[in-house]
Amino acid sequence: MGLLARFLETKSPEEKLWEWFEGHEEYLIQLMEKGETLNDYDQERLDLLMKRVSPFLDYFFNPPNQSRGWRLVFTVGGKVDAFPAIEALMAVPHQLEHCEALGFSPPMEELTSVTLSSSEHTFELLAKDLSFQVQQEPQVLVNVYVPDTLIDHNATDSVLQFLFEYLGEHQFGLLADRLNLVSASNGEGEDLKPLVELRKGLG
Numbered sequence: 081m082g083l084l085a086r087f088l089e090t091k092s093p094e095e096k097l098w099e100w101f102e103g104h105e106e107y108l109i110q111l112m113e114k115g116e117t118l119n120d121y122d123q124e125r126l127d128l129l130m131k132r133v134s135p136f137l138d139y140f141f142n143p144p145n146q147s148r149g150w151r152l153v154f155t156v157g158g159k160v161d162a163f164p165a166i167e168a169l170m171a172v173p174h175q176l177e178h179c180e181a182l183g184f185s186p187p188m189e190e191l192t193s194v195t196l197s198s199s200e201h202t203f204e205l206l207a208k209d210l211s212f213q214v215q216q217e218p219q220v221l222v223n224v225y226v227p228d229t230l231i232d233h234n235a236t237d238s239v240l241q242f243l244f245e246y247l248g249e250h251q252f253g254l255l256a257d258r259l260n261l262v263s264a265s266n267g268e269g270e271d272l273k274p275l276v277e278l279r280k281g282l283g
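Under this note's numbering, the first residue of the sequence shown is numbered 81, with each subsequent residue one higher.
Below, the structure written as C-alpha cells:
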C-alpha cells in the first residue's frame, strides 16, 4: 500500500477504539460470563487505544437483567473536563451486535439505600431521606438535605459517592460544583423536593 493510500485510510482515535470493541465484543462478553479478564497483550493494546481518546477514559460492562441486555459503559470517573472526550467518542458511528453502548455511568435506578461506615459508626442512608432545594442567590447552589448524623460524623464523602451512583456520572458532574450538603434539620419548613427529581436536572 502506497503512502497516499495509508494517509487516506488514517482513522481517528475514536474510530480505532470502536473498531477494537466491535472486533472483540463477543469475546469480552464471554470473559465477563466466565469471570475472567483480558490477557496482557489485549489489555495493553486496549489501554493504549483508550488513552489516545482520553487519559481518563475507562469502560465496564453492565450485565443483562430482565429489561435489557448487556451494556458497554464508557466513563471518565466524573471528571467534567474529560466529558467532551466521551461525547466525541459516542458521536462516532459504531455498531455493536451484542450490547448497547453508553457514554457515562448511568444512574443506578435500583439504588434506594446504602450502608455507610466511618471509623466509629455505621449508617444506613436511604434515598427517600434526602431532599433538595435550588438556591438562586447569591449564586446558584443545589442544597441537598442530609440526615444530621451523617453531617455530624463527617460522612459527607460517602454521601457524595452515593449521589454519584444515584444521579449518574453525567448529571452528577454537571452539578458537582453546585452541590452543598446541609443538615436536614436546617431544611425544616422549606419547600424541598425529593432527590429523585434531581435526576432530571435543574431544568
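Every residue gets a Cβ at the ideal spot worked out from N, C-alpha and C, and that includes glycine.
In this text the structure is predicted, and so the values were computed from the model without any measurement.
- With contact defined as three or more Cβ pairs closer than 8 Å, the stretch 138–149 and the stretch 234–244 are not in contact.
- DSSP lists V224, K273 as the bridge partner or partners of F212.
- Runs of alpha helix (DSSP H) with 4 or more residues, each lying fully within the stretch 135–202, are found at 163–171, listed in chain order.
- For S263, the beta-bridge partners assigned by DSSP are V226.
- Scanning its chain for C-beta atoms nearer than 8 Å, with the 5 sequence neighbours on each side dropped, one finds around N266 the residues Y225, in chain order.
- A Cβ-Cβ distance of about 18 Å is found for the pair C179 and L137, leaving them out of contact under the 8 Å criterion.
- When C-alpha distances from L129 are compared across K96, T155, P218, the shortest belongs to K96.
- In the structure shown, L206 adopts extended strand secondary structure according to DSSP, grouped into three states.
- Here the alpha carbons of E268 and M170 stand approximately 43 Å from one another.
- Taking C-beta atoms as the reference points, N260 and L196 fail to come closer than 8 Å.
- Beyond the five residues adjoining it in sequence on each side, H250 comes within less than 6 Å, by CB distance, of F184 in the same chain, given in chain order.
- Note that the C-beta distance between F203 and L275 is not below 8 Å.
- Here S134 is buried, its C-beta having at least 16 other C-beta atoms within 10 Å.
- For L230, the closest alpha carbon among the candidates W100, Q219, K208, H201 is that of H201.
- For L272, the closest C-alpha among the options S193, L210, E190 is that of L210.
- For V214, the CB contacts under 8 Å within the same chain, skipping 5 residues up- and downstream, are V220, L221, V222, N223, L282 in chain order.
- Judged by beta-carbon spacing, R279 lies within the 8 Å limit of P187, meaning their Cβ atoms are closer than that value.
- When rounded, the separation of the alpha-carbon atoms in N234 and L126 is 39 Å.
- With fewer than 16 neighbouring CB atoms inside 10 Å of its own CB, P218 falls in the exposed class.
- For Q110, the three-state secondary structure derived from DSSP is helix.
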